[in-house]
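One structure below.
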């Protein structure tokens, strides 16, 4: 074998010569095989790519350099749609609660004004006469036994038909809330918005229809009072009770005992229950929605 052939048979390599500036005699030579060069170069590329990816994923740099990811875009789009739907539902519920709050405050006799930020209470003129003076509390709700009449009668069929046509879900016509005698009827001109039913102290006061207790507590004028909310925008009020049998937020059925009849509150002068019915924030004559006045 010739010298040239022997030289070709040797594997090619690369020498790295390190020569100090001050002393060339101390130079060093390091030999690298081709595979070592390729391995070093490839490893360097991998390290650099990994470092760049880490910067994009784990540091704020990724925010500055937006990279579109179809999977993430699809997921975030669905999340946004879901949040939008939830916001719409919450807004509708908020508006319903706000409207209900206005109706309830109106039913309680307060003048309210709906504003963008909520409900503003202007005043409570329910116990005032048109000239601004306080109405005679006894004149408004105290029973007059001398004029008492037994509770008899039925709801006109036309009224029942009209009511059920308006809202088939409504639980009215109602039943009388207590046994006794009618001592005073509905008279909006005298600001007497319900019926006064005189009875025995401690006798049962019952829910006139299926509903939900939105208030059960004490008020200075009306004593122990219960307010029920019913489907169809109805509210019923039961005032001057001796004691209450159901708490707020309770669901009650028609005819279920909710209180004991009494004479509590500053505007009562004898044992009776003052019963009111409101529809969409407006007081109506309870006699128009009572199915049978003989409870």
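In this note's numbering, the protein residues as written are 820 to 1114. Glycine included, every Cβ here is placed at the ideal spot set by N, Cα and C.
- In the DSSP assignment, residue 1076 is bridged to 1025.
- Counting along the chain, residue 1005 sits inside no beta strand (DSSP E), nor does DSSP assign it H or E at all.
- The region 1002-1017 makes no contact with the region 1040-1050, as fewer than three CB pairs between them are under 8 Å.
- One Cα belongs to residue 1092, the other to residue 1045, and the distance between them is close to 11 Å.
- Spatial neighbours of residue 1033 in its own chain (CB-CB distance under 6 Å, excluding positions within 5 residues in sequence) are listed in chain order as 1046, 1048.
- Two segments are said to touch when three or more pairs of C-beta atoms, one from each, lie closer than 8 Å; by this definition the region 1060-1069 touches the region 1079-1096.
- Assigned with DSSP and collapsed to three states, residue 1105 falls in helix.
- Listed as beta-bridge partners of residue 850 by DSSP are 834.
- Cβ neighbours of residue 1027 within its own chain (closer than 6 Å, five residues either side excluded): 993, 994, 996, 1055.
- Excluding its 5 nearest sequence neighbours in each direction, residue 1067 has C-beta neighbours in its own chain below 8 Å: 1032, 1033, 1034, 1035, 1036, listed in chain order.
- Going by DSSP, residue 845 is part of no beta strand (DSSP E) at all; its letter is neither H nor E.
- When rounded, the separation of the alpha-carbon atoms in residue 836 and residue 861 is 22 Å.
- Secondary structure note for residue 1069: it is in no beta strand (DSSP E), with a DSSP letter that is neither H nor E.
- Bounds of the beta strand (DSSP E) holding residue 1035 are 1030-1038.
- Residue 874 sits exposed, since fewer than 16 C-beta atoms from the chains shown fall within 10 Å of its C-beta.
- In terms of Cα proximity to residue 1081, the closest of 999, 871, 910, 867 is 999.
- Separation of residue 872 and residue 857 (C-alpha to C-alpha, rounded to the nearest whole angstrom) is 23 Å.
- Scanning 1101, 907, 1075, 1106 for the CA closest to the CA of residue 1015 turns up 1106.
- Less than 7 Å divides the Cβ of residue 1078 from the Cβ of residue 1024.
- DSSP places residue 862 in the helix class (H, G or I) of the three-state scheme.
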